[in-house]
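Written out below as structure tokens is the structure these notes cover.
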Amino acid sequence: MLFEAYQTESFHDEMFLADGTVRPEARLLLETLQSLEEGHLQRSQRAAERMLLQMGITFNVYGEAGGAERIFPFDLIPRIVPAAEWDRMERALKQRIRALNAFIDDIYHDQRILKDKVIPEEVIRSAASYRPQVHGINPPGGVWCHITGTDLIRHGDGELYVLEDNLRVPSGVSYVLENRDLMKRTFPEVFEGLRIRPVDDYPGNLLDTLESVAPAHCGEEPVVVLLTPGMYNSAYFEHTFLAQKMGIPLVQGSDLIVEDGIVWMQTTKGPCRVDVIYRRIDDDFLDPDVFRADSLLGVSGIVDAYRRGNVTLANAPGNGVADDKVVYAYVPDMIRYYEGEDAIIPNVLTYLCWRDADRQHVLQNLDKLVVKAANESGGYGMLIGPHSTKAEQADFADRINDNPRNYIAQPTLALSRVPTLIGDRLEGRHVDLRPYVLYGKNIRVLPGGLTRVALRKGSLVVNSSQGGGSKDTWVLAGGVNGH
Amino acid sequence: MVTESLPLLSRVADSLYWMARYMERAENVARLLEVNLHLQLDLPLDGNQWQPVIDTCGESAVFRKRYGEATQESVVTFLAQDRDYSNSITSCLLAARENARSVRETISSETWEHVNGIYLRVLQQYAKPAEELSPEVFRDLRLAGHMFQGITDATMSHNEAWHFVRLGRQMERADKTSRLLDVKYFMLLPSASGVGTPYDDLLWSAVLKSASAFEMYRQCCGKISPREVVNFLVLDPDFPRSIRHSVARAADSLDVIRQGAVCGSVRLLGELRRELDEMDVDQMIRLGLHEFLDSLQLRLNAVGAGLQRDFFALRSQTESPTQTQSVGGD
Chain A
87 MLFEAYQTES FHDEMFLADG TVRPEARLLL ETLQSLEEGH LQRSQRAAER
137 MLLQMGITFN VYGEAGGAER IFPFDLIPRI VPAAEWDRME RALKQRIRAL
187 NAFIDDIYHD QRILKDKVIP EEVIRSAASY RPQVHGINPP GGVWCHITGT
237 DLIRHGDGEL YVLEDNLRVP SGVSYVLENR DLMKRTFPEV FEGLRIRPVD
287 DYPGNLLDTL ESVAPAHCGE EPVVVLLTPG MYNSAYFEHT FLAQKMGIPL
337 VQGSDLIVED GIVWMQTTKG PCRVDVIYRR IDDDFLDPDV FRADSLLGVS
387 GIVDAYRRGN VTLANAPGNG VADDKVVYAY VPDMIRYYEG EDAIIPNVLT
437 YLCWRDADRQ HVLQNLDKLV VKAANESGGY GMLIGPHSTK AEQADFADRI
487 NDNPRNYIAQ PTLALSRVPT LIGDRLEGRH VDLRPYVLYG KNIRVLPGGL
537 TRVALRKGSL VVNSSQGGGS KDTWVLAGGV NGH
Chain B
12 MVTESLPLLS RVADSLYWMA RYMERAENVA RLLEVNLHLQ LDLPLDGNQW
62 QPVIDTCGES AVFRKRYGEA TQESVVTFLA QDRDYSNSIT SCLLAARENA
112 RSVRETISSE TWEHVNGIYL RVLQQYAKPA EELSPEVFRD LRLAGHMFQG
162 ITDATMSHNE AWHFVRLGRQ MERADKTSRL LDVKYFMLLP SASGVGTPYD
212 DLLWSAVLKS ASAFEMYRQC CGKISPREVV NFLVLDPDFP RSIRHSVARA
262 ADSLDVIRQG AVCGSVRLLG ELRRELDEMD VDQMIRLGLH EFLDSLQLRL
312 NAVGAGLQRD FFALRSQTES PTQTQSVGGD
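Read top to bottom, the protein sequences are chains A and B. Position in the first sequence counted from 1, then plus 86, gives you this note's numbering. Position in the second sequence counted from 1, then plus 11, gives you this note's numbering.
Next comes the structure, spelled out in structure tokens:
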């Protein structure tokens with residue numbers, strides 16, 4: 087039996103209560119799973135993996151020879167989010183993105199929040215992702231973060247926390263759509279009797295969002311393109327997926343030219359004007375005239391065209407200033423400052439190493455804390471205290487002392503778990519959740535998001551580059567309050 | 012209201028064209044190997060037909076240097092498995108897949124999944140030593156090639172992108188049929204003019220089968236004769252692998268792509284098409300089939316260069332090298 091030896095241990099389990107009884111929202115799923123004949127789940131799992139390979143749903147691993155492609159492991163047991171909980175998440179995410187957007191706009195204009203000493207000016211000036219080059223730019227609609235993937239976690243206390251705001255070029259949304267598709271194709275019986283919020287409308291909403299922020303000169307049908315660094319980028323599959331589902335051209339830097347502040351793409355019928363660019367290239371590589379001069383992926387003059395209002399860039403360059411892990415610690419203050427509210431979902435407790443008292447605490451507790459570099463993502467540049475060696479701790483102590491501004495620390499979180507198929511049986515594995523928020527004329531949140539799961543026993547690192555996989559995320563449709 | 016779709020990116024057009032060419036090339040090599048493996052079973056023990064296979068591919072010098080004598084094992088290794096040889100089946104499928112991967116948003120999911128699936132399957136099948144590869148794996152690939160055509164036809168709008176796919180396929184076909192004929196005709200010629208040996212029919216049938224033409228030839232021409240085989244493979248208007256048919260369909264696609272505007276590639280291909288329409292097989296043989304086929308290949312190459320100039324090349328002054336050029340070139 088799949089669940090025979092299943093233990094929640096001391097963790098919060100998304101499917102079972104501490105006493106081992108099933109949570110009400112997961113009861114139907116559990117009954118279906120228990121009614122499956124021996125080996126059915128395993129067969130479906132293998133079928134899903136074959137399908138992923140055949141469909142070429144792979145990512146490239148940096149540092150591996152020959153453009154190695156791997157499938158992003160997928161686990162068939164979904165994570166379930168009850169309707170009421172989703173309502174709260176959605177409100178929290180909207181609240182947060184409004185504040186973050188107001189903050190970025192403020193930083194690149196009057197900097198009121200700094201003048202009012204809510205956030206120390208030094209924090210912004212020293213943020214590696216702060217881009218003085220975009221100061222004074224007014225993006226259409228005042229929107230700086232069109233597409234965001236916020237990481238939420240549930241701690242051992244059962245509460246939700248925001249772990250990270252991925253504002254720059256968040257990835258993973260294609261897996262949300264593909265995971266759902268794969269579930270329907272390989273494991274249709276589990277959907278019976280449940281009303282699950284669909285996710286298929288994301289590409290349509292994304293296109294709508296992008297069109298809604300087109301420059302003023304555009305008519306009814308602005309030309310929207312997706313700019314990719316190319317097929318050796320780790321998220322290339324997602325770039326093709328989104329371009330295909332939106333029915334827009336997927337362009338590379340070499341396909342675009344800028345003349346007199348206007349962006350053109352090179353077609354078989356000559357140049358064709360581009361109005362909105364959903365760019366999946368980091369700020370650094372976007373425009374060699376403005377950012378890194380050695381970039382071969384970007385387009386010379388594109389930021390000038392953007393500044394002149396001839397093209398919209400989404401996400402807006404410079405929005406990463408709010409993605410810095412030190413700035414993150416101030417987001418609850420931003421929400422209070424710009425919206426006059428308390429954060430609906432709080433931050434994880436964060437120690438800032440540039441504060442003397444915090445640094446002392448961090449250095450004395452390296453074996454208990456998680457230390458992160460302020461400007462890294464993807465699980466790189468990280469120390470997980472309880473799983474680290476003395477030598478690694480000493481190394482991080484040196485790094486922190488050398489550059490305290492670049493490090494933050496957080497308690498080691500007991501991420502909640504979801505049953506996951508490991509070999510022939512189900513075991514609890516730690517998960518997080520990345521919902522996706524679209525910000526154009528209005529704000530929309532994709533129901534659910536990407537549930538990432540750390541497949542290695544006991545591991546807390548869910549990143550795909552570090553042995554993570556993913557699961558389908560089911561937001562149950564509500565009753566009267568449903569959408 | 013029908014809205015007009017945007018014109019294709021030059022890079023995308025380039026990749027679509029080469030995706031189709033490489034798929035077609037892989038299929039042609041597979042067919043050549045499959046036919047020859049069968050033929051080998053019917054020939055006397057000293058009748059080694061492997062060197063001509065290499066000649067057909069136009070790779071004698073490279074082959075001799077790397078493998079020496081042409082045996083079944085060495086030729087199959089070279090043409091099917093050798094990753095260092097850019098026109099081996101494995102290399103062609105790799106290039107086709109890389110091109111498909113770079114235009115995944117333009118082709119249908121079905122097309123991509125098919126190309127990706129063949130690539131993965133062939134990689135697995137061809138991992139064996141050459142002597143263990145059965146003709147079945149080549150048959151499998153030939154069918155996969157037909158499916159590729161069927162899937163692109165049935166799942167993609169017949170728009171500009173599809174026409175670049177068809178253009179690539181037909182250009183490759185015309186080139187491959189001409190090479191096949193060029194080599195085989197001269198190899199078989201001495202006996203063709205004199206009294207036939209029992210093997211002549213066999214060898215000429217193999218030529219036809221190498222172009223999947225045997226059955227259709229029989230329906231149209233009956234007895235095997237070198238003149239009729241040449242006529243069929245070069246000038247038949249209806250057989251899908253004849254040179255004339257391939258050039259005509261390529262020209263059709265190019266006309267749609269160009270929408271009436273005149274440019275170098277359109278003019279060159281149009282001229283070639285008209286000449287083939289008016290050509291007479293006896294005159295062609297009298298003036299020298301080799302000379303004809305040779306000049307045909309040069310003209311096909313000139314069309315390819317014209318396509319590069321007219322559609323694929325970036326016309327920007329600020330063009331910079333990129334890390335992700337399409338996988339192409341001949």
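Where is the CB? At the ideal position from N, CA and C, for every residue including glycine.
Identification of chain B residues near G553 (chain A) by a Cβ-Cβ cut-off of 9 Å yields none; the smallest Cβ-Cβ distance measures about 23 Å. Closest by C-alpha distance to T506 (chain A), out of A:E478, A:F482 and A:A540, is A:A540. Excluding its 5 nearest sequence neighbours in each direction, W560 (chain A) has C-beta neighbours in its own chain below 6 Å: P164, I166 and I282, listed in chain order.
In the three-state DSSP reduction, E345 (chain A) falls in the strand class (E or B). With fewer than 16 other beta carbons inside 10 angstroms of its own, D287 (chain A) counts as exposed.
The C-beta distance from P403 (chain A) to V220 (chain A) rounds to 5 Å, short enough to fall under 8 Å. For C358 (chain A), the enclosing beta strand (DSSP E) begins and ends at G356 to R359. Distance from the CA atom of G339 (chain A) to the CA atom of E275 (chain A), rounded to whole angstroms, is 45 Å. Annotation for V194 (chain B): P63, D66 and T67 place their beta carbon closer than 8 Å to its own, counting only its chain and skipping 5 residues before and after.
One alpha carbon belongs to D243 (chain A), the other to V310 (chain A), and they sit about 45 Å apart. Under the three-state reduction of DSSP, G227 (chain A) is assigned to helix. Put simply, the stretch 351-361 of chain A does not touch the stretch 315-332 of chain A. Fewer than three CB pairs are less than 8 Å apart. For A495 (chain A), the secondary structure class from DSSP, reduced to helix, strand or coil, is strand. Of the other Cβ atoms in all chains shown, 16 or more fall within 10 Å of the Cβ of D99 (chain A); this residue is therefore buried. Relative to the Cα of E116 (chain B), the nearest Cα in the group A:E171, A:M332 and A:D484 belongs to A:M332. Between H157 (chain B) and S306 (chain B), the alpha-carbon positions lie close to 29 Å from each other. Rounded to whole angstroms, the separation of the alpha carbons of D370 (chain A) and C231 (chain A) is 17 Å.
According to DSSP, N39 (chain B) shares a beta bridge with no other residue. Scanning chain B for C-beta atoms nearer than 7 Å to the C-beta of C358 (chain A) yields L17 and P18, reported in chain order. Taking a 10 Å sphere around the C-beta of E35 (chain B), we find 16 or more other C-beta atoms and assign the residue as buried. No Cβ of chain B is located within less than 8 Å of the beta carbon of G305 (chain A).
Residues of the same chain with a CB within less than 8 Å of the CB of P256 (chain A), apart from the 5 flanking positions on each side, are I233, T234, G235, R520 and Y522 in chain order. The C-beta of V309 (chain A) comes closer than 8 Å to at least one C-beta of chain B. Residues of chain B with a Cβ closer than 7 Å to the Cβ of A104 (chain A) do not exist, since the nearest Cβ in that chain sits about 44 Å away. In the DSSP secondary-structure assignment, Y364 (chain A) is bridged to A:L312 and A:A400. Listed along the chain, the chain B residues whose CB falls inside 8 Å of the CB of V337 (chain A) are L20.
Relative to L268 (chain A), the option among A:A477, A:S130 and A:Y414 whose CA is nearest is A:S130. Interface with chain A (8 Å Cβ-Cβ cutoff): G128 (chain B) is included. R520 (chain A): member of the beta strand (DSSP E) spanning R511 to R520, first to last residue.
Put simply, of A:D373, A:L383, A:A408 and A:L532 the residue whose alpha carbon is nearest the alpha carbon of A391 (chain A) is A:D373. A distance below 8 Å separates the beta carbons of L246 (chain B) and M290 (chain B).
According to the DSSP secondary-structure assignment, Y525 (chain A) is paired through a beta bridge with A:I529.
Cβ-Cβ distances below 6 Å link F273 (chain A) to S130 and L162 in the same chain, with the five nearest sequence neighbours on each side left out; the list follows chain order. Flagged as an interface residue toward chain B: T353 (chain A), by a C-beta distance shorter than 8 Å. One alpha carbon belongs to D341 (chain A), the other to W350 (chain A), and they sit about 8 Å apart.
Contact check between the stretch 136-148 of chain A and the stretch 191-203 of chain A: fewer than three CB pairs, one atom from each, fall below 8 Å, which does not count as touching.
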